[in-house]
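Worksheet for the structure shown next.
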Amino acid sequence: MPLMVTLEAWEEKYQDQVQSTIVSFSSPSTISNTLLRNSQHFIGTLNLHKHAPRTTKTMEGLDKIPTSYATVSIGNRPEHTLPKKLEAISAAGFRGIELGFPDLLAFATQHLRPHLQHDASGSEAVQPKDFDTLCSVAKLVKGMCDAKGLQIMMLQPFSNFEGWADGSAERRDAWERAEGWMRIMEAAGCPMLQVGSSDSPADKIGKDRGRFVADLRQLADMAAEKGFRIAYENWCWSTHAPDWADVWDICRQVDRPNFGLCLDTFQSAGGEWGDPTTESGMLEDGRSPEQVEKDWKASCEKLSTTVPAEKIYLLQISDAYKVKPGPLPKHDIDGLRPRGYWSHAYRPLPFEGYLPTADFARAVLKTGFRDWFSYEIFDAGADGKGKDYELGQFAQAASECQKKLVEACNTA
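Quick note: the sequence shown uses the UniProt record's numbering, first residue 1, plus one each step.
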């Protein structure tokens, strides 16, 4: 039976109790199938609060934020295998990982075909749709993570899913991948799938947001049957949803309790404030630098007052270098849009680049969010040509950066 109560009365009397209950459903611990299914109607009943403007929360509990590291974003040598990455991440004090599908694929080949130790991409390598093999290896990875006290909190990056035409080969491929990846998640004990907003060409997927919403709703329903959540991320070079406001609008329209957001300091600051193709490194679109800054601050404030904390499943953390020796070209580079190319190699830890990453992290925290801060660092140096480092030192630097970032968020 729906709750028949005014929003004002509900906020005054029940907000804290219900907020803590909803957050318990979205905690980083593994979500059982039964809990998620039983919670769907309950959370849905409380949707009267979901889209309402809210006052921002106080900055309490920042020292209890769980931290994670994306395995695909650490390591720069062939010998930096998944087991070594897990060792470094665990030793640095992280509690979880985003399991990168490329890491799982490479480890499967290295483990099952040791003669291909440093050549995991040849014809003898385990293939991306050999899901039986990948599920077996995912169980091994789960065992390694359990032994090190690491939770596999998310599988990533699931890309180019939504919008394909009915009956197309691309659409069949997208759903085949979805089914296979969820099998892997079951084997790995992983409760969440990251989906990036598609960067497939508009002439292939169109610009009909209703189609994107329908595809993602169907994906969320498939995930719910297995007790999984979908974390939808705006990629700042996406064809149809480059900004946090875009993915939030899509999330509201999908309207499923297991469909939320994967927000990212780089993706938002790098899309709404930064630009790797300009001399200044900022957007140069006719607005003054002061106006760009003002609009950026307004966007952060809007996020903090409109997006409910329980619909943010994680915040990915990274900065960006201002590209040296000069800006990137405005045309595609190696098949990637400029911001996509920037994303793949020019993303150091916060405070080592130039983006206003703390602004965005602070805005997310002001929603009341206290869940995963997950480090996703693609650092090939300011020239993008490569950067050598030791795994342990690199992971430890990220752990120490978390303290600095939280402090910056709490002092402004």
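We put the CB at the ideal spot given by N, CA and C, even for glycine.
Collapsed DSSP secondary structure at D379 in the structure displayed: Taking the first residue of the sequence shown as 1, we reach residue 379 at position 379. Reduced to three states, the DSSP call for D379 is strand.
Beta-bridge partners of Y232, as assigned by DSSP: On the sequence shown, position 232 is the one that residue 232 refers to. Its beta-bridge partners are V195 and L261.
Validate contact between the segment 233-241 and the segment 188-202 using beta carbons, cut 8 Å, 3 pairs: They touch, by the three-pair rule.
Proximity of A298 and P356 at Cβ, strictly below 7 Å: For the purposes of this step, residue 298 is taken as the residue at position 298 of the sequence shown. For the purposes of this step, residue 356 is taken as the residue at position 356 of the sequence shown. Inclusion of A298 and P356 in the CB contact set at 7 Å is not warranted, their separation being larger than that value.
Opposing strand residues paired with Q156 [DSSP bridges]: Taking the sequence shown and counting its residues from 1, one reaches residue 156 at position 156. Under DSSP, Q156 shares a beta bridge with G100.
Three or more C-beta pairs below 8 Å linking the segment 380-393 and the segment 360-371: The segment 380-393 vs the segment 360-371: no contact.
Residue of R171, L134, M154 and R287 minimising C-alpha distance to F161: To locate residue 161, count along the sequence shown from 1; it is residue 161. The closest CA to that of F161, considering only R171, L134, M154 and R287, is found on R171.
Check whether W372 and P66 have beta carbons under 7 Å apart: Taking the first residue of the sequence shown as 1, we reach residue 372 at position 372. Taking the first residue of the sequence shown as 1, we reach residue 66 at position 66. For the 7 Å CB-CB criterion, W372 and P66 form a contact.
Alpha helix (DSSP H) runs contained entirely in the segment 292-368, provided each spans 4 or more residues: Within the segment 292-368, the complete alpha helix (DSSP H) runs of at least 4 residues fall at 338-345 and 357-366.
The alpha helix (DSSP H) enclosing T133, as first and last residue numbers: Position 133 of the sequence shown, counted from the start, is the residue given in the question as residue 133. F131 to A147 is the extent of the alpha helix (DSSP H) around T133.
Inter-residue Cα distance where the pair is P348 and V213: Counting from 1 along the sequence shown, the entry for residue 348 is found at position 348. Counting from 1 along the sequence shown, the entry for residue 213 is found at position 213. Spanning the two alpha carbons is a distance of roughly 33 Å.
Rounded distance between the beta-carbons of A224 and R256, thought under 8 Å: Indexing the sequence shown from 1 puts residue 256 at position 256. Indexing the sequence shown from 1 puts residue 224 at position 224. Contact holds; Cβ gap of about 7 Å.
Minimum C-alpha distance to L314 - residue among F107, T71, D146 and M154: Position 314 of the sequence shown, counted from the first residue, corresponds to residue 314. Closest by alpha carbon: M154.
Counterpart residues of W372 in DSSP-defined beta bridges: What you label residue 372 is simply residue 372 of the sequence shown in a count that begins at 1. Answer by DSSP bridge pairing, in chain order: L314.
D63 to V406 span [Cα, whole Å]: By 1-based counting over the sequence shown, the position of residue 63 is 63. By 1-based counting over the sequence shown, the position of residue 406 is 406. Approximately 8 Å, taken between the alpha carbons.
Bounding residues of the alpha helix (DSSP H) (the contiguous stretch that carries S399): In the sequence shown, residue 399 corresponds to position 399, counting from 1. First-last of the alpha helix (DSSP H) with S399: L391 to T411.
Euclidean distance between Cα positions of A187 and Q110: Mapped onto the sequence shown, residue 187 falls at position 187. Mapped onto the sequence shown, residue 110 falls at position 110. Each residue's Cα considered, the two are about 19 Å apart.
Sequence-distant residues of the same chain with beta carbon closer than 8 Å to L112, five excluded per side: As a first step, residue 112 must be located in the sequence shown, where it is residue number 112. Hits under 8 Å: V126, T133 and V137.
First through last residue of the alpha helix (DSSP H) which encompasses A178: Within the sequence shown, residue 178 is the residue found at index 178, counting from 1. Looking at the DSSP string, the run of the alpha helix (DSSP H) that includes A178 is A169 to A188.
Within 7 Å, strictly: CB atoms of Y375 and Y346: Numbered from its first residue, the sequence shown carries residue 375 at position 375. Numbered from its first residue, the sequence shown carries residue 346 at position 346. One thing to note: Y375 has its Cβ no nearer than 7 Å to the Cβ of Y346.
Cβ-based neighbour list, residue 449, same chain, cut-off 8 Å, excluding 5 preceding and 5 following: Because the chain in this structure spans residues 1 to 412, residue 449 falls outside the shown range and cannot be described.
Simplified DSSP assignment, three categories, for T67: Counting from 1 along the sequence shown, the entry for residue 67 is found at position 67. Secondary structure at T67: strand, using DSSP grouped into helix, strand and coil.
7 Å Cβ cutoff met for I97 and I152: Numbered from its first residue, the sequence shown carries residue 97 at position 97. Numbered from its first residue, the sequence shown carries residue 152 at position 152. Yes, the Cβ-Cβ distance between I97 and I152 is below 7 Å.
Any non-hydrogen atom of the ligand NAP closer than 6 Å to T239 Cβ: Questions concerning the ligand NAP fall outside what the structure shown contains, since it holds no ligand whatsoever.
Q402, buried or exposed, once every other Cβ within 10 Å from all chains shown has been counted against 16: In the sequence shown, residue 402 corresponds to position 402, counting from 1. Around the CB of Q402, 16 or more other CB atoms lie within 10 Å, so the residue is classed as buried.
Other residues of its chain near L283: CB distance less than 8 Å, five sequence neighbours each side excluded: On the sequence shown, residue 283 is found 283 positions in, with the first residue counted as 1. Once the five neighbours on either side are set aside, the close Cβ partners of L283 are E272, W273, G274, D275 and V292.
Residues that M282 bridges to, as DSSP identifies them: As a working note, residue 282 is residue 282 in the sequence shown. Within the DSSP secondary-structure output, M282 pairs in a beta bridge with G274.
For Q127, three-class secondary structure by DSSP: What you label residue 127 is simply residue 127 of the sequence shown in a count that begins at 1. When DSSP states are grouped into helix, strand and coil, Q127 belongs to the coil group.
Rounded straight-line distance, which links the Cα of G381 to that of D243: As a position in the sequence shown, residue 243 is number 243, starting the count at 1. As a position in the sequence shown, residue 381 is number 381, starting the count at 1. A straight-line Cα-Cα distance of about 25 Å links D243 and G381.
Same chain, Cβ closer than 8 Å to R95, five either side skipped, listed in chain order: Start at 1 with the first residue of the sequence shown, and residue 95 comes out as number 95. Cβ contact annotation for R95 (same chain, cutoff 8 Å, sequence separation greater than five): P28, P66, T67, S68, G149, L150 and Q151, in chain order.
Sub-7 Å separation of A241 and I230 beta-carbons: To locate residue 241, count along the sequence shown from 1; it is residue 241. To locate residue 230, count along the sequence shown from 1; it is residue 230. Against a cut-off of 7 Å, the Cβ pair of I230 and A241 comes out as no contact.
Alpha-carbon spacing of F360 relative to E179, whole angstroms: Within the sequence shown, numbered from 1, the residue matching residue 360 stands at position 360. Within the sequence shown, numbered from 1, the residue matching residue 179 stands at position 179. Approximately 34 Å between the Cα atoms of the pair.
Cβ-Cβ distance between Q194 and C262 below 7 Å: By 1-based counting over the sequence shown, the position of residue 194 is 194. By 1-based counting over the sequence shown, the position of residue 262 is 262. It is a contact, given that the beta carbons lie within the stated cut-off.
Contact set for G93: own chain, Cβ-Cβ below 7 Å, skip 5 residues either direction: Numbered from 1 along the sequence shown, position 93 holds the residue referred to as residue 93. Excluding positions up to five away in sequence, the list reads S399.
Cβ-Cβ distance between G61 and R362 below 7 Å: The residue you call residue 61 lines up with position 61 of the sequence shown. The residue you call residue 362 lines up with position 362 of the sequence shown. Not in contact: G61 and R362 (Cβ atoms no closer than 7 Å).
Of the residues V254, P350 and F394, the one placed nearest C409, counting alpha carbons only: For the purposes of this step, residue 409 is taken as the residue at position 409 of the sequence shown. Comparing Cα positions, the closest option is P350.
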